[in-house]
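> When we follow our numbering, the leftmost residue of the sequence shown carries the number 96, and every step to the right adds one.
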Amino acid sequence: TERHPHLIAVTMSDFGSSGPHADYAGSDMIAVAAGGMLYRAGAPEKPPVTVPGSLGYDTLAVSAAVGVALAYWYRRRTRKGCTIDVSAQEAVANLADWGVPIYSTLGIYQHREGAGSYPIYRCKDGWIRMLIFSKRQWHAVLDWIGRPQELLDPLFEEYFGRYANRPLIDRYLSEFFAGWNMIEAATEAQRRGLAATPLLRPAEAIDNPHTRARSSFVPMEILPGVRPRVPAGFYTIDGERVGPRGRAPLAGEHQQLELRPALREPAQPTNAAGHQAKPPLADLFVVDLGTGVAGPEVGRLLADFGAEVVKVESKTAPDFVRTVIPGDINAPYTSSNRGKQSLGVNLKTERGAALARRLVAQADVLIENSAVGVLERLGLEIARLRADNPRLIVFSTRLLGSSGPWCKWIGYGPNAHAVSGLQYLWNYPEDAERPAGSTNIHPDHYVGRLGALAVLAALVRRERTGRGMHIDVAQFEVLQQLIGDVLAAETLVGGSARPAGNDSPLGYPWGVYPCAGDDEWCVINVATDEQWAALCRHIGRPEWAAVRGAAARRKRREEIDAAIAEWTGSQEPLEVMRVLQDAGVPAAAVEHPALQLADPHLKARGFFRTIEQPRLGSVCVEGPCFRAEGHEPTDDRPAPLLGQHTRSICRRRLGLSDGEIEELLAAGVLEETQVP
96 TERHPHLIAV TMSDFGSSGP HADYAGSDMI AVAAGGMLYR AGAPEKPPVT
146 VPGSLGYDTL AVSAAVGVAL AYWYRRRTRK GCTIDVSAQE AVANLADWGV
196 PIYSTLGIYQ HREGAGSYPI YRCKDGWIRM LIFSKRQWHA VLDWIGRPQE
246 LLDPLFEEYF GRYANRPLID RYLSEFFAGW NMIEAATEAQ RRGLAATPLL
296 RPAEAIDNPH TRARSSFVPM EILPGVRPRV PAGFYTIDGE RVGPRGRAPL
346 AGEHQQLELR PALREPAQPT NAAGHQAKPP LADLFVVDLG TGVAGPEVGR
396 LLADFGAEVV KVESKTAPDF VRTVIPGDIN APYTSSNRGK QSLGVNLKTE
446 RGAALARRLV AQADVLIENS AVGVLERLGL EIARLRADNP RLIVFSTRLL
496 GSSGPWCKWI GYGPNAHAVS GLQYLWNYPE DAERPAGSTN IHPDHYVGRL
546 GALAVLAALV RRERTGRGMH IDVAQFEVLQ QLIGDVLAAE TLVGGSARPA
596 GNDSPLGYPW GVYPCAGDDE WCVINVATDE QWAALCRHIG RPEWAAVRGA
646 AARRKRREEI DAAIAEWTGS QEPLEVMRVL QDAGVPAAAV EHPALQLADP
696 HLKARGFFRT IEQPRLGSVC VEGPCFRAEG HEPTDDRPAP LLGQHTRSIC
746 RRRLGLSDGE IEELLAAGVL EETQVP
């Protein structure tokens with residue numbers, strides 16, 4: 096980059112290019128463990144079980160892509176490139192469901208509890224996963240199952256009361272769903288406004304009425320004569336699916352390919368120096384109608400790098416993440432909405448919807464993840480908004496997409512696990528017909544990165560064409576893409592897609608082992624005989640180094656796993672990681688929030704940041720998912736209180752007078768919260 100200052104150079108590694116662990120060996124499983132995604136996945140009586148596929152390295156890749164897209168957008172204004180450093184550990188830590196923010200404010204973190212508060216119930220032909228968060232949903236369940244007297248206790252009206260009495264509730268619901276077919280049960284639950292989906296086996300996840308209607312899988316030759324069905328892609332742009340365009344190349348296949356000249360960029364703007372003094376997205380105006388995680392995370396990432404992001408919500412329809420912990424602000428909301436402004440406006444009123452349309456008419460980007468039909472009922476149809484503002488870029492995301500027979504189904508990340516086939520595979524091999532469950536809300540945070548990437552690409556295209564675009568992402572298809580290799584194999588060999596637990600074809604020993612302390616664990620991944628010999632020396636079995644090859648070692652799995660567990664069980668997880676990594680053996684602590692904050696590598700890299708959040712205090716939040724030279728996130732601004740910026744936005748963006756604002760506040764069209 097010194098010789099070519101326009102160059103954008105990206106480095107991707109397991110732990111980043113600086114810090115005491117920079118030279119440590121890694122793997123996908125190590126990234127998931129060290130990044131805080133593994134510790135609470137699986138059954139409480141068993142070791143944590145890693146997510147199928149390659150989530151760690153896929154997250155590393157998409158985080159790098161966001162960094163490159165941001166740097167490219169900036170370079171088009173300044174002709175200045177940069178270097179980008181991406182750590183798999185830090186990229187995954189951005190997906191870890193606000194574990195550190197919650198721990199930093201409440202002093203607790205969620206432990207492994209199987210399906211936990213996202214329960215799975217057996218049906219006649221499979222399973223159903225149903226999430227009950229609101230009082231309305233609870234009463235819908237009671238009405239459906241006949242309002243049994245034992246469940247009418249007022250304590251059950253609130254989420255935490257139900258959580259504390261899960262065994263009783265689960266007994267009733269298990270008996271109830273045992274008489275249903277899973278898709279019929281999910282269909283009826285959705286009719287009643289409940290977030291329920293069938294938990295599908297891989298073959299069912301590939302071929303069902305919804306995936307057939309959406310053409311979610313397409314045939315593609317991956318090797319000469321080998322033609323599985325593969326995921327068709329998760330982006331739909333202006334109604335057209337964007338996905339795989341061809342197989343991966345064979346080694347040396349394009350050796351003689353003639354390279355095209357690089358695309359010419361606009362001449363350097365006259366105000367390049369002014370651009371360099373501002374954050375990369377300083378001139379971007381974003382309207383955020385998102386709720387929950389997936390939509391708000393897109394806005395948060397754009398706000399991190401200078402965009403003006405206005406979150407639109409009201410007391411009658413607040414972002415539900417505000418309410419998951421009692422009060423009007425909490426750590427999860429702070430993490431996913433920091434750096435934004437809040438406009439309190441009741442969109443269910445005609446004047447409120449009109450104000451929102453006026454605001455969107457000025458916007459560069461609109462973010463929304465409402466259920467199908469909601470915007471239309473509010474008079475905020477996307478086609479209408481784009482007609483008023485042809486340069487508008489819209490990012491939409493929903494559980495099951497915007498088309499297909501199940502598109503109106505509501506749900507959350509764990510529902511996407513169930514319907515995509517992921518949850519069936521995210522399990523222990525011996526428990527294939529007893530889904531273990533996980534309380535991770537993945538893919539919400541991952542979709543946030545996909546959304547930011549798509550918006551940045553759309554900005555570049557708009558600069559060339561003058562036109563905006565509508566980007567739509569189905570979250571269940573994102574998960575199917577992440578396990579696409581497993582699902583593709585299933586289309587070739589039926590029944591081949593089975594839970595693998597922590598095992599891997601890449602080596603052995605390869606798994607999760609207990610450490611000293613309560614529910615403390617480490618990951619050890621041995622890929623070579625040299626690594627095996629080093630491990631043997633540490634566990635006091637140097638003679639076992641003669642057992643060469645993973646296949647030979649697997650034949651002695653019980654004996655080897657017991658010896659490793661005996662050694663790791665007397666040591667703390669970070670110490671196991673240090674000792675084995677120093678010996679050249681890939682290993683990591685299974686980091687929960689307390690360990691993440693104690694991790695010397697994350698400390699040295701300054702990964703976690705502290706925000707002073709009004710009405711809450713200090714909140715420790717995740718740092719950026721990539722490090723771009725000269726593009727540090729803007730100052731650590733807190734999340735807004737609901738309606739905190741209503742007056743200033745109405746004056747500056749909507750041109751309303753103080754008298755008009757007062758009248759709209761009195762009428763309940765506008766809402767505000769005053770910060771002391």
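Glycine included, every Cβ here is placed at the ideal spot set by N, Cα and C. All figures in this text were calculated on a predicted structure; none of them were measured in a lab.
Mind checking residue 362: buried by the 16 CB within 10 Å criterion, or exposed?
Here residue 362 scores only 46 on pLDDT, less than 50, and its place in the model is too uncertain to base an answer on.
> Keeping to the same chain, check which residues put their C-beta closer than 6 Å to that of residue 365; ignore five residues upstream and five downstream.
Reliability of the predicted coordinates at residue 365 is poor, the pLDDT of 42 falling under 50, and the value obtained from them is presented with this limitation in mind. There are no such residues.
> Are residue 495 and residue 569 touching if we call contact CB-CB under 8 Å?
Result yes, Cβ atoms of residue 495 and residue 569 sit closer than 8 Å.
> So, using beta-carbon positions, are residue 301 and residue 585 closer together than 8 Å?
Their beta carbons are under 8 Å apart, which means residue 301 touches residue 585 by this criterion.
> DSSP has residue 439 in a bridge; who is on the other side?
408 and 766.
> Which residue from 562, 334, 632 and 628 puts its Cα closest to that of residue 645?
Minimum Cα distance to residue 645 is reached at 628.
> Curious, which full-length beta strand (DSSP E) runs of at least 3 residues does the region 566-640 contain?
List check, beta strand (DSSP E) in window: 605-609 and 616-620.
> What are the start and end residues of the beta strand (DSSP E) that includes residue 728?
Where residue 728 is concerned, there is no enclosing beta strand (DSSP E), given that its DSSP letter is neither H nor E.
> What do you get for residue 323, buried or exposed, if any count of 16 or more other CB atoms within 10 angstroms of its CB means buried?
That one is buried.
> Looking at the structure shown, is residue 827 part of a helix, part of a strand, or coil, going by DSSP?
Residue numbering for the chain in the displayed model covers 96 to 771; residue 827 lies beyond these limits and cannot be assessed.
> Quick one: is residue 175 buried, meaning 16 or more other Cβ sit within 10 Å of its Cβ, or exposed?
When all chains shown are included, residue 175 counts as buried.
> Since I believe residue 276 is in contact with residue 220 (beta carbons under 8 Å), could you give me their beta-carbon distance rounded to a whole number of angstroms?
Right, their Cβ atoms sit about 5 Å apart.
> State buried or exposed for residue 726, treating a residue as buried only when at least 16 other CB atoms are found within 10 Å of its CB.
Under this definition residue 726 is a buried residue.
> Taking the C-alpha atoms as reference points, what is the distance between residue 733 and residue 424?
Each residue's alpha carbon lies about 11 Å from the other.
> Please return the same chain residues whose Cβ sits closer than 8 Å to the Cβ of residue 486, not counting the five positions on each side in sequence.
459, 557, 561, 562 and 563.
> According to DSSP, simplified to helix, strand and coil, what is residue 493?
Residue 493: strand per DSSP, three-state reduction.
> How is the alpha helix (DSSP H) around residue 271 delimited, first residue to last?
It spans 261-272 - the alpha helix (DSSP H) in which residue 271 sits, taken as one unbroken run.
> For residue 756, which residues in the same chain have their Cβ closer than 8 Å to its Cβ, ignoring the five residues on either side in sequence?
Closer than 8 Å at the Cβ level, and outside the excluded window around residue 756, lie 741, 742, 745, 746 and 765.
> The beta strand (DSSP E) with residue 180 in it runs from where to where?
177-182 is the span of the beta strand (DSSP E), which, as asked, contains residue 180.
> Is residue 595 closer than 8 Å to residue 634 when the C-beta atoms are compared?
The answer is no: Cβ separation not under 8 Å.
> Could you pull out every residue in the same chain whose Cβ sits closer than 6 Å to the Cβ of residue 120, ignoring the five residues on either side in sequence?
Closer than 6 Å at the Cβ level, and outside the excluded window around residue 120, lie 681.
> Could you tell me the distance, in whole angstroms, from the CA atom of residue 441 to the CA atom of residue 471?
Roughly 15 Å separates the two Cα atoms.
> Given the structure, does residue 184 come close to the ligand ZN, in the sense that its CB is under 7 Å from one of the ligand's heavy atoms?
In terms of ligand content, the structure shown is empty, and the ligand ZN therefore cannot be addressed.
> Would you mind stating whether residue 735 and residue 410 have Cβ atoms separated by less than 8 Å?
For residue 735 and residue 410, no; Cβs fall outside 8 Å.
> Would DSSP call residue 745 helix, strand or coil?
Helix, per DSSP.
> Inspect the beta-carbon positions of residue 574 and residue 512 and report whether they are closer than 8 Å.
Taking 8 Å as the Cβ cut-off, residue 574 and residue 512 qualify as a contacting pair.
> Give every residue of the same chain whose Cβ lies closer than 8 Å to the Cβ of residue 552, excluding the five residues on either side of it in the sequence, and list them in chain order.
Closer than 8 Å at the Cβ level, and outside the excluded window around residue 552, lie 164.
> Please report the straight-line C-alpha distance between residue 328 and residue 497, rounded to a whole angstrom.
About 14 Å.
> Answer yes or no: do residue 216 and residue 269 have a C-beta to C-beta separation smaller than 8 Å?
Their beta carbons are under 8 Å apart, which means residue 216 touches residue 269 by this criterion.
> Among the residues of its own chain, which have a CB less than 8 Å from the CB of residue 630, if the five just before and after it don't count?
604, 619, 621, 659, 675, 678 and 680, listed in sequence order.
> Name the one or two DSSP bridge partners that residue 108 has.
Its beta-bridge partners are 182.
> So, residue 184 versus residue 129, is the Cβ gap smaller than 8 Å?
Yes.
> Run through the DSSP bridge pairs and tell me what residue 294 is partnered with.
Note: residue 294 sits in a beta bridge opposite 222.
> What span of residues does the beta strand (DSSP E) with residue 713 cover, start to end?
Residue 713 -> beta strand (DSSP E) spans 712-716.
> How many angstroms separate the CA atom of residue 122 from the CA atom of residue 109?
Their backbone Cα atoms lie some 7 Å apart in a straight line.
> I need the boundaries of the beta strand (DSSP E) containing residue 668, first residue and last residue.
Note, residue 668: premise wrong, no beta strand (DSSP E); alpha helix (DSSP H) at 668-677.
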